[in-house]
Amino acid sequence: MTVHGWAQIAVFFAVVTAVTPVIGGYMARVFAGERLLLTPVLGPVERLLYRLLRTDPIASRIGRAMRAR
66 MTVHGWAQIA VFFAVVTAVT PVIGGYMARV FAGERLLLTP VLGPVERLLY RLLRTDPIAS
126 RIGRAMRAR
């Protein structure tokens, strides 16, 4: 393997290591149901999709929580 290949692997792992805490914090806020930066933009779109698909968002969350136990 060349030096360029090893450098690519090192950069990849450095980027993954640097991004992991940020993505982990975001995922924690999503699963906790907290308001996020894109909530005002994507919230209406999500509610529209729920209406179009005739889905109850609360019931689907409760069902997932019950199955996880």
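Just so we're aligned: the sequence shown equals residues 66 to 134 in this note's numbering.
Ideal placement from N, C-alpha and C gives every residue a C-beta, glycine not left out.
Give a yes or no on whether the C-beta atoms belonging to residue 101 and residue 110 are separated by under 8 Å. Looking up residue 101 in the sequence shown gives position 36. Looking up residue 110 in the sequence shown gives position 45. Not a contact, by the Cβ cut-off of 8 Å.
Determine the contact status of residue 115 and residue 122, defining contact as a CB-CB distance below 8 Å. The residue you call residue 115 lines up with position 50 of the sequence shown. The residue you call residue 122 lines up with position 57 of the sequence shown. Cβ distance < 8 Å, so residue 115 and residue 122 count as in contact.
The alpha helix (DSSP H) enclosing residue 98, as first and last residue numbers: By 1-based counting over the sequence shown, the position of residue 98 is 33. In this chain, residue 98 is not harboured by any alpha helix (DSSP H), its DSSP state being neither H nor E.
Cα-Cα separation between residue 119 and residue 98, rounded to whole angstroms: Translated into the one-based positions of the sequence shown, residue 119 becomes position 54. Translated into the one-based positions of the sequence shown, residue 98 becomes position 33. Going by the C-alpha atoms only, they are around 21 Å apart.
For residue 67, which three-state DSSP category applies? Here residue 67 is taken as the residue at index 2 of the sequence shown, counted from 1. It is coil, neither helix nor strand.
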